[in-house]
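Here the structure is laid out as structure tokens; the discussion comes afterwards.
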């Protein structure tokens with residue numbers, strides 16, 4: 006899957022789970038500050054990514070993941 | 006409206022009584038059990054037969070496998086009743102590590118394991134019911150049951166914490182605290198002991214398992230949508246005031 010297609014799929018998960026408009030899902034966006042996501046939203050988002058990309062994310066890997074870009078890098082690193 | 010219900014420890018006692026209630030209401034009910042399946046899976050008069058899954062809830066892989074099996078067979082769990090429980094009594098000074106750990110693992114840690122596994126689909130669906138079967142001894146204590154009482158009390162703190170975490174998704178988490186109930190667990194006591202204990206109950210008798218199941222059924226119902234983090238005592242008044 007190309008980078009663009011991967012990011013599109015990632016973005017779709019964010020739109021579906023975090024209920025935010027697509028144009029807000031940019032690499033610099035902070036989940037808590039910009040996308041209004043609480044900790045449960047993030048857990049659900051990670052679960053959706055795990056399902057969509059057939060990956061597993063360990064709890065410890067989420068430390069320090071605060072932006073859309075960081076989350077996307079984490080997903081890509083597992084593909 | 007038929008729901009998918011899972012009752013752990015559903016092959017006998019309170020668990021089976023709960024499973025029967027949901028079954029009679031037309032729900033699709035899965036039960037896990039460790040020792041032996043129930044004698045009768047039911048499924049007559051338009052109800053669904055119980056879907057039995059042998060599962061030792063103290064084993065993580067077994068829990069995962071059980072859930073996968075249930076999801077494949079009847080769908081995602083919408084109502085989870087954690088009823089699997091054991092006792093292993095003894096005075097603390099004579100209670101070895103194994104005896105302590107065994108009861109904590111089965112009665113408390115298994116609740117963590119099954120609740121965690123069931124929550125994902127419930128959060129996604131924005132609805133769910135989780136009910137833990139605790140006990141009056143959680144707040145009264147009972148000599149010889151430090152392990153059991155600790156696990157039962159632990160279920161309350163656990164349930165309330167999770168209730169706060171997932172309330173925003175309309176998933177409720179509640180506890181039923183039975184007193185003395187006519188099950189195999191109580192049958193381990195002598196007739197004299199049971200009589201002595203019954204006399205301390207304001208209502209003067211021990212409960213039938215179905216009386217506990219009735220409370221569970223209410224908490225699982227749509228009518229209980231505004232009840233979360235509650236401890237519903239069904240103990241004949243034994244634990245009154247706590």
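Residue numbers (this note's numbering), protein chains in the order written: chain A, 6 to 84; chain B, 6 to 247.
By construction, the Cβ of each residue, glycine as well, lies at the ideal position given by its N, Cα and C atoms.
- The Cβ atoms of residue 207 of chain B and residue 241 of chain B sit closer than 8 angstroms to each other.
- Looking from the CA of residue 244 of chain B, the closest CA among B:135, B:146, B:109 and B:123 belongs to B:146.
- With its beta carbon at least 8 angstroms from every one in chain A, residue 244 of chain B lies outside the interface.
- If you draw a 10 Å sphere on the C-beta of residue 84 of chain A, you find fewer than 16 other C-beta atoms in it, and that means exposed.
- Shown here, residue 146 of chain B sits in coil according to DSSP, grouped into three states, outside any helix or strand.
- Apart from the 5 residues on each side of it in sequence, residue 74 of chain B sits with its Cβ closer than 7 angstroms to the Cβ of 58 in its chain, given in chain order.
- Using beta-carbon distances, residue 173 of chain B counts as an interface residue toward chain A, with a partner under 8 angstroms.
- Counting along the chain, residue 136 of chain B sits inside the beta strand (DSSP E) bounded by residues 133-138.
- For residue 133 of chain B, no chain A residue has a Cβ inside 9 angstroms of its Cβ, as the nearest lies near 13 angstroms away.
- Beta-carbon to beta-carbon, residue 111 of chain B and residue 90 of chain B are separated by about 6 angstroms, close enough to satisfy the 8 angstroms threshold.
- Look at the region 157-181 of chain B: the residues with a C-beta under 8 angstroms from a C-beta of chain A are 170, 171, 173 and 174.
- Remark: C-beta atoms of residue 186 of chain B and residue 211 of chain B approach each other more closely than 8 angstroms.
- In the same chain as residue 42 of chain A, and ignoring 5 residues on each side of it, the C-beta atoms closer than 6 angstroms to its own belong to 23 and 36, in chain order.
- Annotation for residue 19 of chain B: the continuous alpha helix (DSSP H) segment containing it runs 18-29.
- Per DSSP, the beta-bridge partners of residue 87 of chain B are B:13 and B:137.
- Fully enclosed alpha helix (DSSP H) runs of no fewer than 4 residues occupy 189-192 and 196-203 of the region 155-203 of chain B, in order along the chain.
- Look at the region 60-78 of chain A: it has no residue with a C-beta under 7 angstroms from a C-beta of chain B.
- In this structure residue 46 of chain A is buried. Its beta-carbon is surrounded by 16 or more other beta-carbon atoms within 10 angstroms.
- Look at the region 27-55 of chain A: the residues with a C-beta under 7 angstroms from a C-beta of chain B are 45, 49 and 52.
- When C-beta distances to chain A are compared with 8 angstroms, the residues of the region 120-149 of chain B below that value are 125, 128 and 129, in chain order.
- Look at residue 237 of chain B here: in three-state DSSP terms it is strand.
- As computed with DSSP, residue 35 of chain A is found in a beta bridge with A:72.
- Proximity to residue 62 of chain B across B:39, B:53, B:81 and B:55 peaks at B:39, based on C-alpha coordinates.
- Scanning B:14, B:81 and B:6 for the CA closest to the CA of residue 190 of chain B turns up B:14.
- With respect to the 8 angstroms criterion, residue 178 of chain B and residue 220 of chain B are not classified as neighbours on the basis of their beta carbons.
- Judged by beta-carbon spacing, residue 9 of chain B lies within the 8 angstroms limit of residue 79 of chain B, meaning their Cβ atoms are closer than that value.
- Looking at the DSSP output, residue 57 of chain B shares a beta bridge with B:36.
- A buried status is given to residue 184 of chain B, since no fewer than 16 other beta-carbon atoms sit within 10 Å of its beta-carbon.
- Distances from the alpha-carbon of residue 97 of chain B to those of B:136, B:118, B:148 and B:139 put B:148 closest.
- Looking at the DSSP output, residue 212 of chain B shares a beta bridge with B:186.
- For residue 231 of chain B, the secondary structure class from DSSP, reduced to helix, strand or coil, is coil.
- By the Cβ-count criterion, residue 66 of chain B is exposed, with fewer than 16 other Cβ atoms from all chains shown falling within 10 Å of its own Cβ.
- Taken through DSSP and simplified to helix, strand or coil, residue 20 of chain A comes out as helix.
- Three or more Cβ pairs drawn from the region 6-19 of chain A and the region 45-59 of chain A lie within less than 8 angstroms of each other, which places the two stretches in contact.
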